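Reviewing the structure listed below.
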Amino acid sequence: MAREIMGVPMRGAIQDGSVGPSGRGGPSLAELRARVNEAHATVKELTAMVRDTRARLSADNLKRCARQRDVRALDIVEDDVCRARVLKGHTRKVYAIDWCQSDPNKLVSASQDGWLVVWNAFTGNKLFSIKQYNPWVMTCAYAPAGNLVARGGLDNLCAIYSLSQSRMDREGNLPPVRMLQGHKGYVACCKFVEDSQILSASGDKTCILWDVPGNRRLHTFGGDGGSGTGHTADVMSISVSPSNSHIFVSGSCDNTAKLWDMRTPGTAQITFHAHSQDVNAVQFHADGLTFGTGSDDGTCALFDRRSAHELVRYGDDDVGGSSNRRRRPLHIVTSIAFSHSGRILFSGYSNHKCRAYDTLTGKLLFDLVHDGQVSAVAMCPDGTALATASWDQQVRIWAPFHQRRQSMGNQHRK
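The UniProt record's numbering puts the first residue of the sequence shown at 1, with every later residue one more than the last.
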């Protein structure tokens, strides 16, 4: 009776300490526990093997491979680079810069003086000066076609301005054509994906993809509506892959970088535990398969997004080696940019320097110096010049000496 319910035998019932079909014996509870314990031990063993393999792979970084293959470091020094132009006009700290992808002569800058300025970086002339109703601007972006610029800041908004319209307000200022509202914290970074879409990163721990013509939010990455794979602190920087516009990477004050696919906004694809302190900067390499990071811990790193593997670390010597990364560095990394070929990594620091590293060997090549913290670095789309912005109120354009002589000759002929 105990083994029947409504006259139906209970198959698989526990009988005399054993489990099995009715009428047949099966493994005892003790045997099942032994099997479970054995499975747990196997999992631990396999986990240890994976950990050891990852550690072994970590030792085979680009620096080691470069030495093994006798790769020669670049022979470039500070004297090979000149300050080609100084863009003067801002009266407070310059926080952000961005080049126009369709016209490598044009650059936009954002400053705490309350002005968004579009420059001809070749001549040093101002093309547009756009007064901001809120001076606390943190980021700016130039649309690929060159007819729109954007800015974000402490007002939690991303404002879009059209450079092709001539309509001014009553005070003679260029009004925004779109005000993208949706973030619950400051907008730390914005990047155009295309002329009709822009991506923003915020202190509310999220990134948002916007439809510019429709003035609406398309997708949110991270936050309460996600799967728990989003950032847990302010998102400071974003970079869109040059080889696949659906892919972008974000850097955050939770010490991580995350890889996202815009087609699946609910979940981060990969989390990179990159640094021991805030990740202030991320930037894709030209190949679209690797990206760099810059951090408050004073170092930069290069990652392969396919293997989720750190390839090389830059600036370790400046903070006493990898074992001392958790110590407070003498200076922090604020921004990074790759050269057109990807062989050089430029990193802006709080100690007034922009440092140039050989990406393969990790060698420090040279320093470019400002009179204040370097807040932003950006490579010209055609690779002929580097722009640096600083708290010294200046944007400086740097170029190889031969490039300067060529451009000066072209200007003279014109």
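Beta carbons: idealized from backbone N, C-alpha and C, even for Gly.
Note that the coordinates shown come from a computational prediction; the quantities given were computed from them, not determined experimentally.
### Query
Which residues share a DSSP beta bridge with Asp293?
In the sequence under discussion, the amino acid at residue 293 is Thr, which differs from the Asp named in the question. Paired residues: Val282, Ala301.
### Query
Whole-angstrom Cβ separation of Leu116 and Arg151, contact assumed at under 8 Å?
5 Å
### Message
Per the DSSP calculation, Lys205 is bridged to which residue(s)?
### Response
In DSSP, Lys205 forms no bridge with anything.
### Query
Since Ser347 and Ile332 are thought to touch, with beta carbons under 8 Å apart, how far apart are those beta carbons, to the nearest angstrom?
Actually they do not touch by this definition, with Cβ atoms about 10 Å apart.
### Query
Can you name the residues that DSSP bridges to Glu194?
Paired residues: Gln197.
### Task
For Ser73, I'd like the list of residues in its chain whose CB is within less than 7 Å of its CB, leaving aside the five on either flank, ordered along the chain.
Note that residue 73 is Ala in the sequence shown here, rather than Ser. The answer, listed in chain order, is Asp358, Thr361, Lys363.
### Task
Please classify Gly23: is it buried, with 16 or more other beta-carbons within 10 angstroms of its beta-carbon, or exposed?
Since pLDDT at Gly23 reaches only 48, below the 50 mark, its modelled position is unreliable, and the value read off the structure follows with that caveat. So Gly23 ends up on the exposed side.
### Task
For the beta strand (DSSP E) containing Gly153, list its first residue and its last residue.
148-153
### Task
Use the C-beta contact count for Pro21: other C-beta atoms within 10 angstroms, 16 or more gives buried, fewer gives exposed.
Below a pLDDT of 50, predicted positions are generally treated as unreliable, and Pro21, at 45, falls in that range; the measurement from the model is reported next regardless. Exposed, by the Cβ-count rule.
### Query
If we count the other Cβ atoms within 10 Å of its Cβ and call it buried at 16 or more, is Gly12 buried or exposed?
Note that Gly12 scores a pLDDT of 44, beneath 50, so its modelled location is shaky; the value from the coordinates is reported in the next line. Counting Cβ neighbours within 10 Å, Gly12 comes out exposed, since fewer than 16 surround it.
### For His309 and Asn37, the rounded distance between their alpha carbons
32 Å
### Message
Quick check: is the beta carbon of Leu157 nearer than 8 Å to any beta carbon in chain D?
### Response
No chain D is present in this structure, which holds just one protein chain.
### Query
Under a three-way DSSP split, which group does Arg167 fall into?
If DSSP states are grouped into helix, strand and coil, Arg167 belongs with coil.
### Query
With which residues is Val369 paired in a DSSP beta bridge?
Lys353
### Message
Which residue wins for smallest C-alpha separation from Thr206, given the options Thr267, Ala337, Asn134?
### Response
Thr267
#### Entry: Straight-line Cα distance separating Gly153 from Gly203
10 Å
### Message
Taking 7 Å as the limit between beta carbons, can you name the residues of its chain near Gly315, skipping five residues before and five after?
### Response
Gly298, Thr299, Cys300
### Query
Going by alpha carbons, who is nearest to Gln132 out of Asp169, Asn120, Arg216?
Gln132 has its Cα closest to that of Asp169, out of Asp169, Asn120, Arg216.
### Query
Of all the options Pro213, Gln112, Leu107, which has the alpha carbon lying nearest to the alpha carbon of Trp391?
Gln112
### Query
Can you tell me whether Gly251 is buried or exposed, with buried defined as 16 or more other CB within 10 angstroms of its CB?
buried
### Message
Contact defined as beta carbons within less than 8 Å: I believe Asp287 pairs with Ser243. What is the distance between those atoms, to the nearest angstrom?
### Response
At roughly 7 Å, the Cβ-Cβ gap stays under 8 Å, so Asp287 and Ser243 are in contact.
### Task
Compare the beta carbon distance of Ser295 and Ser335 with 8 Å and say whether it is the shorter of the two.
It is not a contact, given that the beta carbons lie outside the stated cut-off.
### Query
Is Asn255 helix, strand or coil by DSSP?
It is coil, neither helix nor strand.
### Task
Please name the residue or residues paired with Met262 in a DSSP beta bridge.
Its beta-bridge partners do not exist; DSSP assigns none.
### Euclidean distance between Cα positions of residue 427 and Leu365
Outside the shown range of the chain, which is 1 to 414, sits residue 427, and nothing can be said about it.
### Query
Among Val108, Lys93, Thr91, Arg92, which residue has its Cα nearest to the Cα of Trp99?
Val108
### Message
Please classify Gly321 as buried or exposed, where buried requires at least 16 other C-beta atoms within 10 Å of its C-beta.
### Response
Because Gly321 carries a pLDDT of 47, less than 50, the predicted location of this residue cannot be relied on, and the following value inherits that uncertainty. With fewer than 16 other Cβ atoms within 10 Å, it is exposed.
### Message
In the DSSP output, what is Pro400 paired with across the bridge?
### Response
Val81
#### Entry: Buried versus exposed call for Val118 [16 or more other C-beta atoms within 10 Å across all chains shown]
buried
### For Glu45, three-class secondary structure by DSSP
helix
### Message
Per DSSP, what are the beta-bridge partners of Phe248 in this structure?
### Response
For Phe248, which the question treats as bridged, DSSP gives the partners Val240, Trp260.
### Task
Report back the beta-carbon spacing between His231 and Ile208 to the nearest angstrom; my notes put them in contact at under 8 Å.
Actually they are not in contact, since the Cβ atoms of His231 and Ile208 sit about 13 Å apart, beyond 8 Å.
### Message
Does Gly222 pass the burial test, meaning 16 or more other C-beta atoms within 10 Å, or should it be called exposed?
### Response
buried
### Task
Grab the span of the beta strand (DSSP E) containing Leu218 for me, first residue to last.
216-221
### Query
Applying the criterion that 16 or more other CB atoms from any shown protein chain within 10 Å of the CB defines a buried residue, is Gly26 buried or exposed?
exposed
### Task
Assuming His219 contacts Pro265 (C-beta within less than 8 Å), just tell me the rounded distance between them.
A Cβ-Cβ distance of about 4 Å is found for the pair His219 and Pro265, placing them in contact under the 8 Å criterion.
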